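S.K.: The sequence shown begins at 351 in this note's numbering and counts up one residue at a time.
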Amino acid sequence: MHLSQSEWIVRKAVWYNFRYSYSAANKNMAVNWEEKTLYDYLLNPKKYIPGTKMVFPGLKKPQERADLISYLKQTTAS
351 MHLSQSEWIV RKAVWYNFRY SYSAANKNMA VNWEEKTLYD YLLNPKKYIP GTKMVFPGLK
411 KPQERADLIS YLKQTTAS
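1. Look up residue 391 in the DSSP assignment and say whether it is helix, strand or coil.
2. Please report the distance separating the alpha-carbon of residue 413 from that of residue 374.
3. From which residue to which residue does the alpha helix (DSSP H) around residue 421 run?
4. Just reading off the alpha helix (DSSP H) that residue 377 is part of, what are its end residues?
5. Within 10 angstroms of the Cβ of residue 435, are there 16 or more other Cβ atoms? Answer buried if so, exposed if not.
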């Protein structure tokens, strides 16, 4: 099975979520995670949440962000 870059990022993020120790900046950030906020966050996580220790540099291409959000919507639809 071949995973796109976006799919790989999501799967890795889910896997890390079980052992990741979130920074105080992430824990204290009151975000209503919707498509727009996720799109903005994915552009530059360190700018969106100052003080985060996340090393993910973001997705600079608008289509990559849109593709990842579309993938998330499809895989989490009930």
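Even glycine gets a Cβ: it sits at the ideal position worked out from N, Cα and C. Model, not experiment: these values are computed from the prediction.
M.R.: Here's the rundown:
1. helix
2. 30 Å
3. 412-426
4. 374-378
5. Since the first residue shown for the chain is 351 and the last is 428, residue 435 is missing from the structure and cannot be characterised.
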